[in-house]
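Asks:
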Amino acid sequence: MSNVGQLEFSEAILDPTSEVPMGLSNPDGRPAQKRFDVYRNNVILSLLDAMATGFPVVKKLLGDDFFRAMTLEFVRANPPSSPLMMHFGTALPNFLEGFEPAQKLGFLPDIARIEIAMRESYHAADAEPVSGDLLQTTPPDQLMEMQFKLAPSVRMLRSRWPIYSIWLANQEPAGPTPEPGGQAVLITRPEFDPWPNLLPAGAATLVMAIENGATFGNAIEQTTEKVPHFDLSQTLALLLQAKALCPFKKETP
Amino acid sequence: MLDASAPQQHPMPNAPGVGYKPQHFQDILADAGPVKWLEVHAENYMGQGGRPLAQLRHLAETFPISCHGVGLSIGSEGDLDADHLARLKHLVDWLNPALFSEHLAWSSHNSHFLNDLLPLPYTEETLATVARHIDQVQETVGRQMLLENPSTYLAFDQSDISEIDFLAEVTRRTGCGLLLDVNNVFVSAINQQTDPRAYIDAYPLASVGEIHLGGHDADHDEAGAPLLIDSHGAEIVDPVWALYAYTIAKSGPRPTLIEWDNNLPDWSTLAAEATRAKTALAEVA
C-alpha cells in the first residue's frame, strides 16, 4: 500500500503530464484518474480566474485565448507563495519580460505593474490626507519648510512606454489612441477606488523627493534643477485633489 | 486598520446567513430579507484598509459575522504558517466575529499555496497533526474554532479511520466545534458510494455550531460512476435540501449558511435560497 505525501500530491497537481500518485482510489478500488483531475482542475482554474480578475487590461491586450495560454504557463511555474490571493501575480511582469510570444508588446510588463499597483493601492491602509486648502491656510515660507508623507495607497510607476494612455485606451469608455513616448503614472486612492493619474513633466521627481523626506521647498528645488519648466501648481493641484499627501510625523518610521 | 477597538459582537442566531460578496452590499443594506447573518472568507480581509475593511466594519455593526478561513492549511504535514496564523489572529481580534471556522484540508506545501481544499488520509498520524494544529490555532486566536468536513472525490488507500471517527476524535482532543457542510456530506457520499443519511446518523451533531449548504456540479468518472464536484456556483439541489431537513430534525436548528461563491446570482436568488432554509428551520424550531 502506498502512502501519498503532500509533496507528491502537490507536484502531480501542478504537472498535468505526471502520473496520478499511487494509493488514491475510485470507489471500485481502481486507481483514481479523473477523480484526481478534479483537484488538478480546481487548482488551475482558481489560479487562472485570479489572474483574469487581477489583470483585466493585460487580458484585453492579449485576447482571451492568448491570455489563458500565457497564464497557464505562468501559474504552473509560479504558483502562489501565500494564502493572500489579493497579491497573487506579482511575478507576472518579470515573467512577461522573458515570455517570447509577447515580445512584440514591450509595454506589457509595465501594464501588468500598473494592475498590481492598483490592487496594492486598493488594499492599502487608510490615512488622513493633508487639508485640500493647505495652500490657502499655510504661509508660503512655512509651507516650504514642511515635509509630507505619501498616502499608503499611493504608487508611482515610470515607464519608457505611454502606459497611462495604453491603460486608458483599454478602459470602458476607451481613451484616445496612445502616442509614442514614456509616461509616469501616479496611482492614488482618494477614497476607496484607486485611479492612475498621468504625471506632468517633473512631477515624478517632486514625488520622489517628498517620499525621500525632503522639505517641500527642497523638493521643488530638486525638481526645477532637472526640469526648468516644471509646473508646480498643476502638480500640487493633482496631489491635493487625489489626497496623495499626508502630514509628516517624525515618530513614524 | 480603521479602528483599533473591536466591534460589539452580535450573537449568532439559528437562522439563515449568506456568504458575503461585495456585489450585494447595497442590497443587504436596503433589505436583507430572511438573511440574519453574514460569513466572510478571512483571507479577503487581510489587507491593510480600503473598501473591504470599511464595508466589513459597517456590516458588523448590524449583522452577526462568521469568519471563515480558507487558507490556513490545517491538514498540512508540516507546521502551520506562523505569519498567516498571526494575520488570522489580528483579523479575529479586530472583527470579534460570532463564529470562527476553518477546513479539514490542506492547501499549502512548503512555499506553495494551491488555493484549493485538498484531501488528507484519515490515519492516527494525520489525526495527531490536525489536533496539534487546531490546538495551536485555538490557543493563538484565543477562541473555539469550528472544523468543516470536506467534499472528497477519491479515497486514500492508507486511510484506516472513518471521517466521522476522525472528526469526533479531533473535537474530543481539542475542544473544537464542527461546521457541518451538508452539501459536502452529500457530494462525498455519492462520490464514495456511501449513504449520506447514515453519515448524518453517525455524526456528532451535538458539536455542530454551524451548517453550510451550497450547490455542486454533476459529472462521471472514467468508469461511468457519478462524480459530484463541489462548486458553490449553483442553486442547492433538492436531495441536499432533503438531507438538510433530515439533519436539523435530529440536531435541532442551527445557523445555516447559503454558500454561493462562483457565478454569483443576484440578491433575490440568494435571498430565495435563504427563505427556503428559514422555512426548514421553522419546522424544527
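These protein sequences, in sequence, are chains U and P.
The C-terminal position of the first sequence is numbered 325 in my numbering, with every residue numbered one higher than the one before it.
The C-terminal position of the second sequence is numbered 287 in my numbering, with every residue numbered one higher than the one before it.
For each residue, glycine too, the CB sits at the ideal point set by N, CA and C.
1) Below 7 Å CB to CB, which residues in the same chain sit around His135 (chain P) once its five sequence neighbours on both sides are set aside?
2) Using a Cβ cut-off of 8 Å (strictly closer), state whether Leu4 (chain P) contacts chain U.
3) Quick check: is the beta carbon of Ser90 (chain U) nearer than 8 Å to any beta carbon in chain P?
4) Could you give the DSSP three-state label for Trp96 (chain P): helix, strand or coil?
5) Could you check whether Asn264 (chain P) and Ser233 (chain P) sit closer than 8 Å to each other, using their CB atoms as the reference points?
6) Taking only the alpha-carbon atoms, compute the straight-line gap between Asp221 (chain P) and Ser270 (chain P) and give it to the nearest angstrom.
7) Checking contacts by CB at 8 Å: is Pro325 (chain U) closer than that to chain P?
8) Note down, in chain order, each residue of its chain lying with its Cβ closer than 6 Å to the Cβ of Phe167 (chain U), except the 5 sequence neighbours on either side.
9) Just to confirm, does Pro36 (chain P) get its C-beta within under 7 Å of one of the non-hydrogen atoms of the ligand NAP?
10) Grouping DSSP H, G and I as helix and E and B as strand, with all else coil, what is Ser203 (chain U)?
11) State the start and end residues of the unbroken beta strand (DSSP E) segment that holds Ile259 (chain U).
12) Look at Ile213 (chain P) and Leu272 (chain P) and say whether their C-beta atoms are less than 8 Å apart.
13) Taking only runs that begin and end inside the stretch 210-280 of chain P, name each unbroken alpha helix (DSSP H) of 4 or more residues, in chain order.
14) May I have the straight-line CA-CA distance separating Gly101 (chain U) from Met228 (chain U), to the nearest angstrom?
15) If I measure Cβ to Cβ from Glu251 (chain U) and keep anything under 8 Å in the same chain, skipping five residues before and after, which residues do I get?
16) Rounded to whole angstroms, what's the CA-CA distance from Ala44 (chain P) to His26 (chain P)? Just pull it up for me.
17) Compare the C-beta of Pro250 (chain U) with all C-beta atoms of chain P and state if any pair is closer than 8 Å.
18) Take Lys131 (chain U) and list the residues in its own chain whose beta-carbon comes closer than 7 Å to its own, dropping the five residues that flank it on each side.
19) Would you tell me roughly how many angstroms separate the C-alpha atoms of Leu93 (chain P) and Pro121 (chain P), rounded to the nearest one?
20) Excluding the 5 residues flanking Ile163 (chain P) on each side, which residues of the same chain have their C-beta closer than 7 Å to its C-beta?
21) So if I threshold CB-CB distances at 7 Å, which residues from the stretch 153-177 of chain U count as touching chain B?
22) How many whole angstroms separate the CB atoms of Ser209 (chain P) and Gly179 (chain P), which I take to be in contact at a CB cut-off of 8 Å?
23) Looking at C-alpha atoms only, which residue of U:Ser203, U:Leu206 and U:Gly161 is the closest neighbour of Arg185 (chain U)?
24) For His1 (chain P), which of helix, strand or coil comes out of DSSP?
25) Please return the same chain residues whose Cβ sits closer than 7 Å to the Cβ of Phe22 (chain U), not counting the five positions on each side in sequence.
26) For Gln306 (chain U), which residues from the same chain have a beta carbon less than 7 Å from its beta carbon, with the 5 sequence-adjacent residues on both sides left out?
27) Taking just the CA atoms, how far does Asp167 (chain P) sit from Leu240 (chain P)?
28) Considering only the beta carbon of each residue, do Thr277 (chain U) and Ala316 (chain U) sit closer than 8 Å?
29) Label His195 (chain U) either buried or exposed according to how many other C-beta atoms from any shown protein chain fall within 10 Å of its C-beta, with 16 as the threshold for buried.
30) If you measure between the beta carbons of Ile231 (chain P) and Ala282 (chain P), is that distance less than 8 Å?
31) Buried or exposed: Gln243 (chain U), going by 16 or more other Cβ atoms within 10 Å of its Cβ?
32) Of the residues that make up the stretch 78-89 of chain U, which ones have a beta carbon closer than 7 Å to any beta carbon in chain P?
33) Pick out the complete beta strand (DSSP E) segments inside the stretch 141-207 of chain P, 3 residues or longer, and give them in chain order.
Replies: Per the coordinate set shown:
1) Within the same chain, His135 (chain P) has close Cβ partners Ile76 and Leu82.
2) Caution is warranted here: a pLDDT of 41 is assigned to Leu4 (chain P), below 50, making its placement in the model unreliable, and the coordinate value is therefore given only provisionally. Under the 8 Å criterion on CB atoms, Leu4 (chain P) is classed as interfacial with respect to chain U.
3) Not an interface residue.
4) Trp96 (chain P) falls in the helix class under three-state DSSP.
5) Asn264 (chain P) is positioned such that its CB atom lies closer than 8 Å to that of Ser233 (chain P).
6) Distance between the alpha carbons of Asp221 (chain P) and Ser270 (chain P): 28 Å.
7) The predicted model places Pro325 (chain U) with a pLDDT of 47, which falls under 50 and marks its position as unreliable, so this point remains unresolved.
8) Around Phe167 (chain U): Phe146.
9) You won't find the ligand NAP in this model; it holds no ligand whatsoever.
10) Coil.
11) Note, Ile259 (chain U): beta strand (DSSP E), Gln255 to Thr260.
12) Cβ distance not < 8 Å, so Ile213 (chain P) and Leu272 (chain P) don't count as in contact.
13) The qualifying runs are 240-253.
14) Between Gly101 (chain U) and Met228 (chain U), the alpha-carbon positions lie close to 58 Å from each other.
15) Same-chain partners within the cutoff: Pro234 and Ser237.
16) For Ala44 (chain P) and His26 (chain P), the distance between alpha carbons rounds to 18 Å.
17) Pro250 (chain U) is outside the set of residues whose beta carbon lies under 8 Å from a beta carbon in chain P.
18) The answer, listed in chain order, is Ala124 and Phe139.
19) Each residue's Cα considered, the two are about 26 Å apart.
20) Its chain contains Tyr124, Thr125 and Leu129 as the residues whose beta carbon lies nearer than 7 Å to that of Ile163 (chain P), once the 5 sequence neighbours on both sides are disregarded; these appear in chain order.
21) No chain B is present in this structure, whose protein chains are U and P.
22) The beta-carbon separation of Ser209 (chain P) and Gly179 (chain P), rounded to 5 Å, stays under the 8 Å limit for a contact.
23) When only C-alpha atoms are compared, the closest one is U:Gly161.
24) A question about residue 1 (chain P) goes unanswered here, because the residues of chain P that appear run from 3 up to 287.
25) With chain U covering 73 to 325 only, the question about residue 22 (chain U) has no answer from this structure.
26) Here the set comprises Pro272.
27) The question names Leu, but residue 240 (chain P) is Asp in the sequence shown. About 28 Å.
28) Taking the C-beta atoms as reference points, Ala316 (chain U) is found no nearer than 8 Å to Thr277 (chain U).
29) Burial call: buried.
30) The answer is no: Cβ separation not under 8 Å.
31) Exposed: under 16 other Cβ atoms inside 10 Å.
32) Those would be Gln78, Leu79, Phe81, Ser82 and Ile85, in chain order.
33) Runs of beta strand (DSSP E) with 3 or more residues, each lying fully within the stretch 141-207 of chain P, are found at 148-150 and 179-183, listed in chain order.
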